[in-house]
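J.: Numbering of the sequence shown is given in full-length UniProt numbering, commencing with residue 1 and proceeding in unit increments.
Okay, here's the structure, questions in a sec.
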Amino acid sequence: MFSANEIIPALWLGARSDVECEKGNFLVKHHIDHVLTIDTEPPAILCPNIKHKFVELVDLDFADLLIHLEECFAFIEEARSVGSVLVHCLVGMSRSASVVAAYLMYKEKISLEDALAKIREKRSYVRPNEGFMEQLSLFEAMGCDLNPHHPLMKFHKLGQFANQMQGSRRHHNAEIPKELIAKDPNQKSGEEGSEQQETVFRCRKCRRALFKEGSVVGHNPGQGQVSFKWHKQTQTTSSSTETCTSHFIQPVAWMEHLLLGCKDGKLACPKCNSRIGCFNWAGQQCSCGAWITPAFQIHKNRVDEQKLHQLHR
1 MFSANEIIPA LWLGARSDVE CEKGNFLVKH HIDHVLTIDT EPPAILCPNI
51 KHKFVELVDL DFADLLIHLE ECFAFIEEAR SVGSVLVHCL VGMSRSASVV
101 AAYLMYKEKI SLEDALAKIR EKRSYVRPNE GFMEQLSLFE AMGCDLNPHH
151 PLMKFHKLGQ FANQMQGSRR HHNAEIPKEL IAKDPNQKSG EEGSEQQETV
201 FRCRKCRRAL FKEGSVVGHN PGQGQVSFKW HKQTQTTSSS TETCTSHFIQ
251 PVAWMEHLLL GCKDGKLACP KCNSRIGCFN WAGQQCSCGA WITPAFQIHK
301 NRVDEQKLHQ LHR
């Protein structure tokens, strides 16, 4: 059985067997006094005087890794300030490796690629599952910031909500959490100063404001679901702009009654009722080939862009 590896000073990555070995000999030998378990059940820790934290997480693509990162970071920071910590799952390959990679990105301000390379220098076989890799890419795109109000974080939570809708009848008619729905740009918010710098997208037929630039979720062009990657909204993605015929957005308040209890359907302008797009909680393929889940798709040829400050000239 593989033994744990010290990735950076006072931060170890390993397996359940490293914790459950007879009388905790491994922990004692390496002066490890904190254990962070990322698994479906806590281990039997035989070594005394160990501070332990258990985070329940399955090693499946749809599992929500990001929701646990903040508490994991806090535990690792506390542990490293007074001693050493071992982060483990069942074999130390996917779940615990993902948490350690995220911590390195956050702590050392490095990319996902560099974080994984650093881990593999000590533990060559680590391999986060595809869903965790996508979430780590999202974490990188957000600047390693877990701000719940970040548009990409909201979109991630929408994806988790979509998984619940598809996996359980109980959630089929569930209301979308209010914090995941963008405000209707047609309604005044009292934040006129900042709004003047934003772009608003209007129905080409009746000019009704439909959504703002901040609701658009960017993606890189690709050849199907595996090519979908998160990117920073500040990045220039000219190739994506040229090949994509649709905008994929966060749901907006005026859509809410259309989405309740439906897994897919058409989207129409709330004023003139002309069709502007469609939605599908299971996902939709963009014209560029990328697969977006969930998909709230607005056809570019049905809307026009306009800077709000242009309206006040």
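All C-beta atoms, glycine included, are put in the ideal place defined by N, C-alpha and C.
1. If you count every other CB in all the chains shown that lies within 10 Å of the CB of H31, and 16 or more means buried, which is it?
2. Alpha carbon to alpha carbon, how far is E134 from C144?
3. Where do the ends of the beta strand (DSSP E) carrying C244 lie?
4. Can you say whether N163 is buried or exposed, counting buried as having 16 or more other CB atoms within 10 angstroms of its CB?
5. Kindly indicate which three-state DSSP category F296 falls into: helix, strand or coil?
6. Considering just the uninterrupted stretch of the alpha helix (DSSP H) at V67, what are its terminal residues?
7. First and last residue of the alpha helix (DSSP H) that includes H257?
8. If you draw a straight line from the alpha carbon of F296 to that of G159, how long is it in whole angstroms?
9. Assign Q164 to one of three DSSP states: helix, strand, or coil.
10. From the DSSP output, which residues share a beta bridge with L267?
11. Is it the case that the Cβ atoms of S94 and D61 are separated by a distance below 8 Å?
12. Tell me the DSSP secondary structure of H34 in three-state form.
13. Since N5 sits in a beta bridge, which residues does DSSP pair it with?
14. By the three-class DSSP mapping on this structure, what secondary structure does R95 have?
15. CB-CB under 8 Å to D264, same chain, minus the five flanking residues each way: which ones, in chain order?
16. Name the DSSP bridge partner or partners of E56?
17. Could you check what DSSP says for F248 in three-state terms: helix, strand or coil?
18. Round the Cβ separation of K122 and N5 to the nearest angstrom and send it over; I've been treating them as touching at under 8 Å.
19. In the DSSP assignment, what are the bridge partners of Q284?
20. From N273 to C206, what does the alpha carbon distance come to, in whole angstroms?
21. Straight-line CA distance for Q223 to L138?
22. Less than 7 Å between C-beta atoms, sequence neighbours within five positions excluded: which residues of the same chain meet that for I45?
23. Can you name, in chain order, every residue of its own chain whose Cβ lies under 7 Å from the Cβ of L259, other than the five neighbours on each side?
24. Excluding five sequence neighbours on each side, which residues of the same chain lie with their C-beta closer than 7 Å to the C-beta of H299?
25. Using three-state DSSP, classify F62 as helix, strand or coil.
26. Out of G83, V217, W12, point me to the one whose CA is closest to H156's CA.
T.: Taking the structure as given:
1. Exposed: under 16 other Cβ atoms inside 10 Å.
2. 14 Å
3. Where C244 is concerned, there is no enclosing beta strand (DSSP E), given that its DSSP letter is neither H nor E.
4. buried
5. strand
6. Here the sequence assigns Ile to residue 67, which means Val is not the residue at that position. Per DSSP, I67 belongs to the alpha helix (DSSP H) from 66-82.
7. 256-259
8. 12 Å
9. helix
10. G277
11. Not a contact, by the Cβ cut-off of 8 Å.
12. strand
13. L13
14. helix
15. C278, F279, N280, W281, A282
16. D39
17. strand
18. 4 Å
19. Answer is I292.
20. If you take the alpha carbons of N273 and C206, they lie about 9 Å apart.
21. In this prediction, Q223 has a pLDDT of 46, which is less than 50 and means its spatial position is unreliable; nothing more can be read from the coordinates.
22. Here the set comprises V19, G24, V35, H52.
23. Contacts found: I176, P251, F279.
24. Closer than 7 Å at the Cβ level, and outside the excluded window around H299, lie T245, S246, I276, G277.
25. coil
26. For H156, the nearest C-alpha among the options comes from V217.
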